[in-house]
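Written out below as C-alpha cells is the structure these notes cover.
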C-alpha cells in the first residue's frame, strides 16, 4: 500500500485543514489512491509493461506542465529496462528532449462537422521524432502520440487513432489500460492543481 | 495480424443537447459470458454488464472499480459541500470545454433535473462557458471548472475567492475541483473509445 500520493503531491499532512476536507469524501480519497495503485502497482503487466506505464505517465503530466511531473519522472527514471532494450532513465532523457516541440495549450481540435464547426481550434498534431521513436520503439512511440492526442485534443480522438495503436502491437485490453492511465492523470493533476491553490487560500 | 477497430453505422450528433443520447464503442467490449469474479467486482454494479461502455472498460477491472467508487463519492456523497446540481454543472462545464457531447448530454440533464434551471443549463451548452449566467454561484462554478479543464491549468486564487464570495465553504470548493477534475477523466474515455448516437426516436 502506497502512501496517499495526492496528499504527498499537494503537501497535505494528517490533521491539516485540507486533510479534514479530504476526509469528508473518504471514498473519493481512498479510491483516487486505489486508482493510482491499480495503474502503477498492478499485478497484471501482460498488456502494458511497467516501463510503458511510467513513460506514458511522465509524458502525460509533463505535457500538462503539471508540478507532478517531477514525481512521475522519478518513477520512470527508476525503472529498469526489463524486456526492452532501453531503461527508464534513458527514456526520461529522450522525453525531456522531445518535450520542447510537444508542449502546447489545450484543449483544441475539431467538433463533428455541423454548427459547432465554428468552434474548431487548430493546433499541433504531434508525432514522435525519429530520434525519440528509435529510443522508445514503435509500440511505445504510438502510445506517446496517443497520449498527446488525449491530453490536448481529446475531441479529435478517432477510430483511426485506435487502429494506429492496434497496428503498433497494442491489444484491446492494453488500449483500455493506456486510456485509463492518461485520463486518470488528467484527473489527478487537476485535483493536485486545485487543492494546491485551495491550500494556499486556507 | 492485428485486431481491427469497430466502425458502427451511425449518424453522430453534432450539437450539445440535454436529450438522452446513446454511445457505441470502437473496440470490442468484454464478452458478457466470460466475465470472471474480478470483472464483476470491477463493474461494481451488476447492471453495468449491460452497458457496452462499462463492458469495454472492465477489460481492466481494477482501475474501473476504483474509478467508479471515486466518481460515486465525488458526485453522490451529500454530506455537506456543493449542492448536487452544481456538481453536475462542474461536470457539464468540463465536458463543454473538452467537447464531449455525450458526457455533456448526461450531466446537463442531471443539472437541469436538480436545479430546475434548464434555460441556464442550455445557455452553457449553446453559448459555451462565456455565455451569460444570471446567478453568481453558477458563474463561479463554471469559471473555476473551465479554468481547471484547460491545459496548462488556469485555476488560481481568484477562482477560490469567487467561490467563497458566492458563499461556498472549503468542502464545496473541493467538490468543484473534484467534479471538474473527474470529468477530465471521463471525457477522455468517452471521446476516445467510442462515439455518441442520436436520441432514440
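Chains as they are written, first to last, in the numbering used here: chain A, 1 to 202; chain B, 1001 to 1201. The C-beta atom is built at its ideal place from N, Cα and C for all residues, glycine as well. Remember, it's a predicted structure, so these values are computed and weren't measured experimentally.
query	result
CB contact check: residue 943 of chain B to chain A, cutoff 9 Å	The first residue shown for chain B is 1001 and the last is 1201, placing residue 943 of chain B beyond what the model contains.
C-alpha distance - residue 81 of chain A paired with residue 1186 of chain B, whole-angstrom precision	32 Å
Straight-line gap, residue 94 of chain A to residue 135 of chain A (C-alpha atoms, nearest Å)	7 Å
Same chain, Cβ closer than 8 Å to residue 128 of chain A, neighbours up to 5 away in sequence not counted	98, 136, 141, 144 and 145
Interface partners of residue 1209 of chain B on chain A, CB under 8 Å	Nothing about residue 1209 of chain B can be reported from this structure: the residues present for chain B run from 1001 to 1201 only.
Inter-stretch contact (C-beta, 8 Å, three-pair minimum) for the stretch 1092-1099 of chain B and the stretch 1140-1156 of chain B	yes
Interface partners of residue 162 of chain A on chain C, CB under 8 Å	Looking for chain C here will not work: the only protein chains present are A and B.
Nearest-angstrom Cα separation, counted from residue 68 of chain A out to residue 54 of chain A	13 Å
Backbone CA spacing between residue 169 of chain A and residue 32 of chain A [nearest angstrom]	29 Å
Same chain, Cβ closer than 6 Å to residue 124 of chain A, neighbours up to 5 away in sequence not counted	104
Nearest-angstrom Cα separation, counted from residue 1019 of chain B out to residue 76 of chain A	44 Å
Residue 1045 of chain B, buried or exposed, once every other Cβ within 10 Å from all chains shown has been counted against 16	exposed
Within chain B, partners of residue 64 of chain A - CB distance below 9 Å	1151, 1152 and 1153
is_contact[residue 1 of chain A, chain B] using C-beta, thresh 9 Å	The predicted model places residue 1 of chain A with a pLDDT of 45, which falls under 50 and marks its position as unreliable; any figure quoted below should be read in that light. Cβ-Cβ to chain B under 9 Å: no for residue 1 of chain A.
Same chain, Cβ closer than 7 Å to residue 1029 of chain B, neighbours up to 5 away in sequence not counted	1052, 1055 and 1056
Where residue 106 of chain A falls: helix, strand or coil (DSSP)	strand
The stretch 1181-1198 of chain B in contact with the stretch 1100-1107 of chain B per 3-pair CB rule at 8 Å	yes
Simplified DSSP assignment, three categories, for residue 1128 of chain B	coil
Reduced DSSP category for residue 86 of chain A - H, G, I as helix; E, B as strand; rest coil	coil
Per-residue contacts from residue 1067 of chain B into chain A (C-beta, under 8 Å)	31, 35, 180 and 184
Cβ neighbour criterion (16 or more within 10 Å) applied to residue 29 of chain A	buried
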